[in-house]
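The sequence shown maps to residues 340 to 432 in my numbering.
Just below is one structure, and these are the notes that go with it.
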Amino acid sequence: MTEGSPERLIELPEGTRVWLAGLRPNELETLQEVVTMPADDVRDGFKMVRDLRTVTRFFKYLIIGAVAIFIATVGLYENALKVIGWIKGGPTP
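Structure representation (structure tokens):
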């Protein structure tokens with residue numbers, strides 16, 4: 340850090356100083372690494388994470404929908420068999 344850094348830190352808004360003071364060491368390392376990267380790479384990284392979250396959300400609902408369709412099909416099949424049994428009169432002992 341340079342000698343002017345403490346003065347620059349004082350110039351920051353209070354909320355920013357509190358946020359920076361609350362960073363864990365691994366978060367600080369990540370922030371320092373991100374600062375050295377080109378801005379386009381950082382934007383692309385955030386876009387990739389956003390797109391990945393969208394795809395995982397889609398697949399989550401796709402799987403939930405498939406399970407719901409399977410359960411509904413089984414229930415409909417069982418009830419259809421009951422109705423057919425009522426119509427035919429069922430087995431006679």
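Glycine included, each C-beta is placed from N, C-alpha and C at the ideal position.
For Leu362, the three-state secondary structure derived from DSSP is coil.
Contact check for Leu362 and Leu351: beta-carbon distance about 13 Å, past the 8 Å limit, so the pair fails to qualify. Taken through DSSP and simplified to helix, strand or coil, Met376 comes out as coil. In the three-state DSSP reduction, Leu370 falls in the helix class (H, G or I). Secondary structure of Leu351 (DSSP, three-state): coil.
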